[in-house]
Ligand code: NA
Ligand code: NA
C-alpha cells in the first residue's frame, strides 16, 4: 500500500506542475498579444517584455514534460506495444524508465546544475538594452525540469510495479485524450 | 614520434559564414604547419555545438579549449567585455590594432578575462560596418523617435536614449518583418551578409555606419589548455592567431569592396545615405553620456574607457592628417 | 560506425513502445557515454537553451491552443463540415478542406510541428466522425501539415538560403509555384482515391429538412466565415506588418477566445482546460526535440558526420547523375535524420560539386527543400508521424499513420522528379 500511496503523491506533484505550466501558457499568450498591440498601436517596444515571452514559453514546455509523462501524453510507437497485456506493458515501462529515462534525466539535470550555477555566479543578465536580469532563473529551469521528469518517472515506475503486483486493473488505464 | 597536442575550438558562427569562418581555419592550418603537425586544432561550428552564444561558458568550463567569437557578446555575463570589439564613434580597425598591441589594450583585455580563467586575442576585423537598412529616411532626431529597429547590444541602448525602440526579431523572421514593416529598420552585418539576406530588395535606404567602426572578432583560449602547451607551441599558437586575424581583416576589406561594387551594379536603386550631422551629434552625445555612466559605476571600465579615449586622442590626429587629409585632398 | 549502429539500435528500441522522446535521449546517452564519456552531456544544457530561446518555436503552443479552442467550441468542426458540404456531392470534401486549411496555416508558419498538431486536433476528429478511412485521414493531415515547409515563410528555405548563400526572398518566391502544384496534387489524389474507393471518404449527408440547396449554402457560408476570418486575421496581420509570423499565431489564439466569447462558449474553465491540453501537446513535441538534440549530438560527436561526408563527397556522374544521386541520398538520410541536420551537414558537402556542375543554386535549393519536406513524412523517424500520433484519438494506430502517408510520399517524390526534369516549367533555371 505504501507504494500505491507514493505513486499517488508523485502523480499529484506532476499534476501540480501541469497546472503551473497551463498558467504559464496563458501568461505567454497574453504577453505576446500585449507586445504586438503595444508595438503596433502605441509604437512602444519593451525588450524586457519580449524576453519574458520566451522565458514563459521555455518554462511552460520544460515543466510540461514531467506532467505529460504522468498524463501519458508522450508519443509511443505502438506497432507492438498496443497488442500487449497490461503486465507486459508494465515490464516495458519498468525497463524503459530504469535504463533510458532515469539515466538521461539525471545526467542532464546534473550538468544543468553547473550550467545554472555559473550563470548565477556571473550575475548574468540580458545583453540587450532594457532586457531581463537574473538569467540564472530560466537556466535553472533546465536541471529543475529534468529532475522533476525523473520524479515523474519514479511515478511511472511505481505504476508499473503496482501493476505487476496486481494493484491496477486495465480499467485504470485511461488513454490520452485531447 | 613527437607528442601531438590537440585543441578543440568552438565558433559562434554557423558553417560557411563567409569571411567570419576564415580566421579559425587559417589559424588552425598555420599552427599545424608551423609546428610540423604537433599542434592540431579541431573546429566545431555552431551547427555542431548548437550554442552560438555558449562559447564563453564552454571555453571557460574546458569543454572546448578555444573559441572564435566576439567579445561584446559576453556583455550580459561580464559587462567589461563590451569594450574590446568596437564602440560607437570609436576607433577604426587600424587605430584599434594600435591600441591593442602598442597602446595597452591587450593588457586591459587580459585583466578583464583573467578572473574567468580565459585569455582573449584579436580575431580579425570586419572594418566599418554599415548602419543598416531603413524603410524611411532619417532627417532629424525626431525621426528616430519611435523608430522600431532591430539593433542589439550597446548601440541599441544609444538609440533608445534618443527615443528609438530596439526590437528583438529572430533572424529567420527579419526579412518578412522588414518587408511588411513590422519593424522600420535593422542592422545586420555588412554588404556581403546583407545581400545574402536580400534586404536590398525590400528596403530603399542603406545607411552608412556609426555604431561599429571596426568590429574586432576574438580568439578565446582556456588558460589551463594554453598552459599545458610547451613554450614553442604557445608561441606558434599566438603567432597563428595574430596572422589569421590580420588576414581576415584584409580579406574582409577586399570582399566588402567586391560586394559593394556588385551591389551598386546590380541594384542601382539602393539609396546609400548618411545620418545628418545633427542626428550624429545627438547620437554621439547619448553615447558619451552612457559611457560616462559605465565609467562611474566600475573602476576597470573607467580604466579601459580612459585608455581608449586617451589613445584615440593622440592617434586620431595622425589619422586626420594622414588618411583623412589624403582622401580629402582630391576627388 | 557508432553513429550508424546507434540509428539501428534506436530503431529497434522504438518498436518496444516506450515514449519516443526518452528512447532518443536514452540511446544517445548510452552510446555517447560509451564512446566519449559522460562529459559530452555537459553540452546538453547549452543545446536545450538554444531550443528554449528559439522564439520561432513559440508558434507551436500558440497554434495548438488556437486549434484546441476551435475544437472545444466546435467552431472548427462547423468550418470543416460546412466546407465539406459546400463541396456537396463531392466525396472527400472534408479531406480537401483539410488540405486547404493546411495550406492557409502553412502560409503563416514555417514550423511543421505547429501545423500538423493543429490540423490533427481540428480535422482528424471530424473526418473520423464521418467514417473516413483512418489511413486517408492521417495521410492527408500529415501531408498538409508539412506544407509549411515549402510554402513561405518556411524555416527550411531560410536555413538553405543561409547555408547556400541565396537571398531568402528569392527562395520564397521560387517556392510558390512548386508549393501550389503540390497542393493541387494532393487534392487530385484525394479526388481520384475517393472516386475509386467511395467508402473511404463518404460525402457529408445533406439533411433534407435543412431547406433548399440555396439555404444550405447560405448556412454553410455563415458557419465558415468566423473561423476562416480568424485564419485570415492571422495571415493578414503578417501582411499588414502588425505581427511577425510567430506573433501572428498569438493573435490567432486570442482571436479564438474572442470567437468563443461571441458564440457564448467562453468560460475561464474552458481557457484553463485548453491551456492544460496545449501544455500536454507542446510538451510532447518538445520532449521529442530534446531527445532528438541529444541523439544528434551523440551522432555528430562520435564521428557520424564524417561517415556521411565521406560517402557524399564521392558521388559520381554528370549534372543529372549528381542530382539524382544526391536527391536519393537525401531521401534515404531523411528516413533517419531530421531536416536541420541534413541541411547543415549535407548541403555544404554537395554545394561545391553542384557549383562545378553549373547547377542553378535556386533550383538545387528548391529540390532539396521539397525532398526534405518528405523527410518529415518518412517512417520511422518522420516527426510529423510522431506529432500526429501524439494528438490522435486512441483508435488511430501508428500503422494507420505509416500506411496513410505512403501515397503522399510517392506524390512528393513524383513532384521532386518533375522539378528535376522540367525546371524551366517551374521557372527555376
Ligand atoms: Na510556411
Ligand atoms: Na525522417
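Chains as they are written, first to last, in the working numbering: chain A, 12 to 189; chain B, 343 to 673; chain C, 10 to 438. By construction, the Cβ of each residue, glycine as well, lies at the ideal position given by its N, Cα and C atoms.
- In this chain, the beta strand (DSSP E) harbouring residue 549(B) covers 547-549.
- In the DSSP annotation of this structure, the continuous segment of the beta strand (DSSP E) that includes residue 464(B) starts and ends at 460-467.
- Assignment of beta-bridge partners to residue 125(C) by DSSP yields no partner.
- When 8 angstroms is used as the limit between beta carbons, residue 309(C) is near these residues of chain B: 390, in chain order.
- Just measuring C-alpha positions, the residue of 244(C), 29(C), 185(C) sitting nearest residue 104(A) is 29(C).
- Under the three-state reduction of DSSP output, residue 89(A) falls in the coil class, being neither helix nor strand.
- Beta-carbon to beta-carbon, residue 137(A) and residue 18(A) are separated by about 42 angstroms, too far to satisfy the 8 angstroms threshold.
- The DSSP-derived three-state label of residue 319(C) is helix.
- A contact between stretches requires three or more CB pairs, one per stretch, nearer than 8 angstroms, and the stretch 586-598 of chain B fails this requirement with the stretch 511-519 of chain B.
- Counting only runs that start and end inside the stretch 509-589 of chain B, the beta strand (DSSP E) elements of at least 3 residues fall at 547-549, 558-564.
- At the C-beta level, residue 65(A) and residue 67(C) come within 8 angstroms of one another.
- In summary, the residues of the stretch 521-552 of chain B whose CB is separated from some CB of chain C by less than 8 angstroms are 521, 522, 523, 524, 537, 538, 539, 540, 543, 544, in the order they occur in the chain.
- One thing to note: residue 81(C) has its Cβ no nearer than 8 angstroms to the Cβ of residue 405(C).
- Annotated three-state conformation of residue 409(C) is helix, per DSSP.
- Per DSSP, the continuous beta strand (DSSP E) segment holding residue 350(B) begins and ends at 347-353.
- Counted as a single uninterrupted DSSP element, the alpha helix (DSSP H) harbouring residue 172(C) occupies residues 164-173.
- Pairing residue 459(B) with residue 555(B), the inter-Cα distance amounts to about 29 angstroms.
- Inclusion of residue 84(C) and residue 237(C) in the CB contact set at 8 angstroms is not warranted, their separation being larger than that value.
- In the displayed model, residue 614(B) falls within a strand according to three-state DSSP.
- Bounds of any alpha helix (DSSP H) do not take in residue 429(B), whose DSSP letter is neither H nor E.
- A direct Cα-to-Cα measurement between residue 530(B) and residue 494(B) gives close to 10 angstroms.
- Three or more pairs of CB atoms, one per stretch, sit closer than 8 angstroms, so the stretch 645-662 of chain B contacts the stretch 426-445 of chain B.
- Residue 413(C) and residue 152(C) have their C-alpha atoms some 10 angstroms from each other.
- Interface criterion not met: the Cβ of residue 273(C) is under 8 angstroms from no Cβ in chain A.
- Residues of the stretch 90-106 of chain A with a C-beta less than 8 angstroms from any C-beta of chain C: 90, 91, 92, 93, 95, 100, 103, 104, 106, listed in chain order.
- Rounded to whole angstroms, residue 145(A) and residue 645(B) show a C-alpha spacing of 27 angstroms.
- Measuring C-alpha to C-alpha distances from residue 578(B) to each of 611(B), 562(B), 372(B), 567(B) identifies 372(B) as the nearest.
- Listed as beta-bridge partners of residue 411(B) by DSSP are 560(B).
- Rounded to the nearest whole angstrom, the C-alpha separation of residue 524(B) and residue 75(C) is 23 angstroms.
- Three or more beta-carbon pairs separated by less than 8 angstroms link the stretch 111-120 of chain C to the stretch 242-260 of chain C, which places the two stretches in contact.
- Residue range 619-639 is occupied by the alpha helix (DSSP H) that includes residue 620(B).
- Taking a 10 Å sphere around the C-beta of residue 85(A), we find 16 or more other C-beta atoms and assign the residue as buried.
- In chain order, 156, 160 place their CB closer than 7 angstroms to the CB of residue 76(A), counting only its own chain and leaving out the 5 sequence neighbours on each side.
- Chain order gives the chain A residues near residue 417(B) as 138, where near means a beta carbon separation below 7 angstroms.
- Note that the stretch 112-119 of chain A touches the stretch 159-175 of chain A; at least 3 beta-carbon pairs, one per stretch, sit closer than 8 angstroms.
- Classified as exposed, residue 16(A) has fewer than 16 neighbouring CB atoms from the shown chains inside 10 Å of its CB.
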